[in-house]
Amino acid sequence: MDFRRIQNSGFYSKSDLKFIHLLSMRGLSFEESFRLILKEKALTRVNNNLNEILKIVSVVSRIGKKEILSSKKYDVVRIRQILCYLCREKTDISQDKIGKFIGIHGTTVRLSCDQIKKDIEVGEPKTIKLLKQIKEEMHKIK
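Here you go:
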């Protein structure tokens, strides 16, 4: 890899390049250091996307983020299912990564998505209304 080409790409900040250099000075090859920074940037992007969706769901539902991620109340569980559905619909992030972010198993993410899809098919009014409000709010932000 050509360090100057990477440096002039504009994608990496000076701190990224210093971090790559520091890792390479500590025994990692430049390529290994570069891969680590790429992986870290990808994880940051994933978490930022999921955090944005969580923030919007929290604002629209008027339920705190921590409560959405932890409560066992029926209404909050339904909101968490909607969160899973939106994360799968609006991103290309795997159900396992979404589950890890939310604190549930990846299979639970899939089951939550299936439940919301069923609600949409049968026309469950609360779910449809909430989804519509959340999607409108997402559209405003973009």
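In terms of the numbering used here, the sequence shown opens at residue 14 and continues consecutively. Note that CB positions come from ideal geometry on N, CA and C, so glycine has one too. Owing to the predicted nature of the structure, the values given are computational and were not obtained by experimental measurement.
- When DSSP states are grouped into helix, strand and coil, residue 88 belongs to the helix group.
- A straight line joining the alpha-carbon of residue 119 with that of residue 125 spans about 10 angstroms.
- Contact between residue 92 and residue 122 is ruled out by a C-beta separation of about 14 angstroms, above the 8 angstroms threshold.
- Going by DSSP, residue 134 is part of the alpha helix (DSSP H) stretching over 119-135.
- With contacts defined by Cβ atoms closer than 8 angstroms, residue 143 and residue 95 form a contacting pair.
- In this model, residue 130 and residue 136 are separated by some 10 angstroms (Cα to Cα).
- For residue 112, the enclosing alpha helix (DSSP H) begins and ends at 108-115.
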